[in-house]
Amino acid sequence: MAEWFHKQRIGDLPREAARLHGAREAMVFADRRWTYAQFAAEVDRTAKGLIAAGVQPGEKVALWMVNRPEWLFLMYAVPLVGAVLVPLNTRYRSADMAYTVQQSNTVTLITHARSGPVDYLGLLQAAMPDLPRQAARALTLAAFPDLKRIVLTDRENAPGTLGWQAVMAAGDALSDRALAERADAVDPDVTCLIAYTSGTTGHPKGVLHNHSVVRAGIDRMNRLGLTFDDVTMTYLPLFHLYGFSEAALHVLLTNGKLVLMEAFEARECVRLIEREKATVLHGFDTHFRDIMLAQESERRDLSSLRMGTFPSGMASSIPIAYATQKTLCPTVSGWGMTESWAFATCSFTNSSEEQRVEASGFAMPGYEFRIVDPTTGRDLPAGEPGELLCRGYTVTRGYYNKPKETAEAIDAEGWLHTGDTCVMRADGHVRFLGRYKDILKVGGENVSAAEVEAFIMALPAVAEVAVVSYPDPRLVQVPVAFVRIRPNHRLLASDVVEHCRDQIASFKVPRHVLFIDELPMTASGKVQKHKLRDLALEQLGPPERKTA
2 MAEWFHKQRI GDLPREAARL HGAREAMVFA DRRWTYAQFA AEVDRTAKGL IAAGVQPGEK
62 VALWMVNRPE WLFLMYAVPL VGAVLVPLNT RYRSADMAYT VQQSNTVTLI THARSGPVDY
122 LGLLQAAMPD LPRQAARALT LAAFPDLKRI VLTDRENAPG TLGWQAVMAA GDALSDRALA
182 ERADAVDPDV TCLIAYTSGT TGHPKGVLHN HSVVRAGIDR MNRLGLTFDD VTMTYLPLFH
242 LYGFSEAALH VLLTNGKLVL MEAFEARECV RLIEREKATV LHGFDTHFRD IMLAQESERR
302 DLSSLRMGTF PSGMASSIPI AYATQKTLCP TVSGWGMTES WAFATCSFTN SSEEQRVEAS
362 GFAMPGYEFR IVDPTTGRDL PAGEPGELLC RGYTVTRGYY NKPKETAEAI DAEGWLHTGD
422 TCVMRADGHV RFLGRYKDIL KVGGENVSAA EVEAFIMALP AVAEVAVVSY PDPRLVQVPV
482 AFVRIRPNHR LLASDVVEHC RDQIASFKVP RHVLFIDELP MTASGKVQKH KLRDLALEQL
542 GPPERKTA
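For the sequence shown, the working numbering assigns the number 2 to the initial residue and increments by one for each residue that follows.
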């Protein structure tokens, strides 16, 4: 008997899209274009190359690359042959890369020798000093006992590595039947993806996902009314679930067209929207703000845009979200995290503007949500902020090789304790307020870092702000604001303090204002506040030296 909801496998999607719409354009990258027939052929060729290189079912294949066509081919080829994709953050450097490759038991690592100013091969060699002396097809690296092969997409003869073209050429000798046998043996219920968390609070954790995320994509494309006529623009990093899910996966499900950018550049973005007649845009407040500024300085025809996704609801994002509705296109909001999959909540396209801007989405099918007191676990009524709990079919089964952290995050009833502070509104929409750890305890009073940040962002000279806690011998914690000033503006610490004193309670006013050239960020646009807390201690000194 057939499943009531047919289980689909990620690796099957390109071939199915080619069967339905082989002649339609699937992807544009720079000046290169692929139809669905060509895209599926590249995925199959990549899959054969992986098999020829020795990749086995269940093997971890780490991908450390910026947005490139090869990323998309591998995104589907790795699960097609029954292996497990491990996307790595392109902002990782030697130590971060080493940790995730070791912790995930990666066997095959695929990367570039260089991308722009980043010397990836040099970073590899710094972490693997014995690499140049190795046989490329049989690595025996002292610090990486599981790692058996490294493939470079842009260089063929680097010592200790395999070249992409050589791997593909070896795969050309494999028969279609050999690939079909591997693909047919893939179980849709087994892990096919280990997605590492952003690492905003310490070492990233590997989140396990299986092919059920395909259903999440189908549900979302139906909620948003996405069709094969849609042209989706993305500059979001593909290693992050936002780009992986909402752009790359959805386009294959709808059989629309993906316009892929290697990285975000606002002027190039508006140029491509006009050239390709893009209809769908995804991004955070930073992206939409910069796109609007680019459009102000160089007017382009952006009338093709019909909708976007913009995770909103925080006080700091709401003004930009409202401006986006007027200047670019209507957007929908949503909430998700690596552990739950992207957009576990999502607005409807016919939700009111207020719901799409000031809330963070309505539950997608198959998900349940609760708001609880994080101390007592007591369920809270609508309108009262607390910790968001989530349960659903895409919630991770756990963190890879981290049973303690898994038990702390997911309780016996399957509820994921997200660590996010949210409100359940009376209209059924969730509103994300910030990370629970962003709630400071100042002399017994709860202070939302997001609230203080929103007030400081109102200052015209402020480009970015992040508020973190600093230990205090009397009050336990006090707020510290890190501020990045806009070019050609001036701002004093006293200006920030006086502005806040006029608007918010005294215990919420930052005790210290520190100026910074750049906030430490994850690639998904999240501020790494643990680094800022360390920086505050470094710049201000131990708290015992301070008076109350």
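Each residue gets a CB set at the ideal place from its N, CA and C atoms; glycine is no exception.
Can Glu395 and Ser213 be called in contact, C-beta distance under 8 Å? This sequence places Thr at residue 395; Glu is not what is there. Ser213 sits close to Thr395, with the two beta carbons spaced by under 8 Å.
Evaluate the contact criterion for the region 316-328 versus the region 450-465: three or more CB pairs, one atom per stretch, below 8 Å. Remark: three or more beta-carbon pairs, one from each stretch, lie closer than 8 Å, so the region 316-328 and the region 450-465 are flagged as touching.
Are there 16 or more other CB atoms within 10 angstroms of the CB of Glu157, so buried, or fewer, so exposed? When all chains shown are included, Glu157 counts as exposed.
For Phe265, which of helix, strand or coil comes out of DSSP? DSSP places Phe265 in coil when its eight states are reduced to three.
Kindly indicate which three-state DSSP category Lys61 falls into: helix, strand or coil? In this structure, Lys61 counts as strand in the three-state DSSP scheme.
With DSSP as the reference, label Phe6 as helix, strand or coil. Phe6: coil per DSSP, three-state reduction.
So, using beta-carbon positions, are Glu409 and Lys258 closer together than 8 Å? No. Outside cutoff.
Near Pro70, which residues of its chain fall below 8 Å by C-beta distance, leaving aside the five closest residues on each side in sequence? Residues of the same chain with a CB within less than 8 Å of the CB of Pro70, apart from the 5 flanking positions on each side, are Met28, Phe30, Arg33, Trp35, Glu43, Leu261 in chain order.
Taking C-beta to C-beta, are Leu110 and Leu75 nearer than 8 Å? For Leu110 and Leu75, no; Cβs fall outside 8 Å.
Going by DSSP in three states, Tyr368 sits in which element: helix, strand or coil? DSSP places Tyr368 in the strand class (E or B) of the three-state scheme.
Continuous beta strand (DSSP E) stretch holding Trp35: start and end: Looking at the DSSP string, the run of the beta strand (DSSP E) that includes Trp35 is 33-36.
Can you name the residues that DSSP bridges to Ala196? The partner list for Ala196 (beta bridge, DSSP) reads Val208.
Three-state secondary structure (DSSP) at Arg272? Arg272 falls in the helix class under three-state DSSP.
Contact between the region 354-366 and the region 318-335 (3+ Cβ pairs under 8 Å): With a cut-off of 8 Å, the region 318-335 and the region 354-366 count as touching, because enough Cβ pairs lie within range.
Can you check the region 404-477 for any beta strand (DSSP E) of at least 3 residues that lies completely inside it and give the ranges in chain order? Runs found: 417-425, 431-436, 440-443, 446-449, 463-473.
Opposite Glu340 in the DSSP bridges: which residues? According to DSSP, Glu340 shares a beta bridge with no other residue.
Give me the Cα-Cα distance between Pro205 and Lys530, rounded to the nearest whole angstrom. Between Pro205 and Lys530, the C-alpha separation is close to 14 Å.
Tell me which residues share the same chain as Leu381 and place their Cβ nearer than 7 Å to its Cβ, disregarding the 5 neighbours each side in the sequence. Cβ within range, chain order: Ile372, Val373, Asp374, Gly387.
My parser needs the beta strand (DSSP E) runs of 3 or more residues fully inside the region 56-101; what are they? Runs of the beta strand (DSSP E) inside the region 56-101: 61-65, 85-88.
Note down the Cα distance separating Gly59 from Ser470, rounded to an integer number of angstroms. For Gly59 and Ser470, the gap between their C-alpha atoms comes out near 43 Å.
I'd like the list of long-range same chain contacts for Ala506, defined as Cβ closer than 8 Å, with 5 residues on each side in sequence excluded. Excluding positions up to five away in sequence, the list reads Glu446.
If you compare alpha carbons, which of His251, Leu140, Gly309 is closest to Gly55? Considering only alpha carbons, the answer is Leu140.
Would you call the region 233-245 and the region 78-97 touching, i.e. three or more CB-CB distances under 8 Å? By the Cβ test, the region 233-245 is in contact with the region 78-97, since at least three Cβ pairs between them sit closer than 8 Å.
Closest to Phe370 by C-alpha separation, out of Arg300, Asp286, His418, would be which residue? Ranking Arg300, Asp286, His418 by Cα distance to Phe370 puts His418 first.
Please work out which residues of its chain come closer than 8 Å, Cβ to Cβ, to Lys547, disregarding the five sequence neighbours upstream and downstream, and give them in chain order. Bear in mind that the predicted position of Lys547 carries a pLDDT of just 42, short of 50, making it unreliable; the figure below should be weighed with that in mind. Cβ neighbours of Lys547 beyond the five flanking positions: Asp473, Pro474, Leu541.
In this structure, does DSSP put Asp155 in helix, strand or coil? Coil, per DSSP.
Would you call the CB atoms of Leu277 and Val232 closer than 8 Å? Looking at the sequence shown, residue 277 is not Leu but Glu. Contact flag set, yes.
When you compare only the Cα positions, how much space is there between Met617 and Phe344? Residue 617 lies beyond the stretch modelled for the chain, which goes from 2 to 549, so this question has no answer here.
Assigned secondary structure, Pro480 (DSSP; H/G/I helix, E/B strand, else coil): For Pro480, the secondary structure class from DSSP, reduced to helix, strand or coil, is strand.
Round the Cβ separation of Thr376 and Met308 to the nearest angstrom and send it over; I've been treating them as touching at under 8 Å. Going by Cβ atoms, the distance from Thr376 to Met308 rounds to 40 Å, so no, they are not a contact pair.
Inspect the beta-carbon positions of Arg150 and Arg138 and report whether they are closer than 8 Å. Contact annotation: Arg150 and Arg138 have beta-carbon atoms nearer than 8 Å.
Proximity below 8 Å, CB of His251 to CB of Gly218: Cβ distance < 8 Å, so His251 and Gly218 count as in contact.
Check each candidate in Ala143, Gly244, Val187, Ser116 and name the one with the smallest Cα separation from Thr154. Of the listed residues, the one whose Cα sits closest to Thr154 is Ser116.
Under three-state DSSP, which class holds Leu520? Coil at Leu520, not helix or strand.
Let me confirm a value: Lys509 is counted as buried when at least 16 other C-beta atoms fall within 10 Å, else exposed. Which label applies? Looking at its Cβ environment, which holds 16 or more other Cβ atoms inside 10 Å, Lys509 is buried.
Here's the rule I'm using: 16 or more other beta-carbon atoms within 10 Å means buried, otherwise exposed. How should Ser551 be labelled? In the structure displayed, the chain extends from 2 to 549; residue 551 sits before or after that span and is not available.
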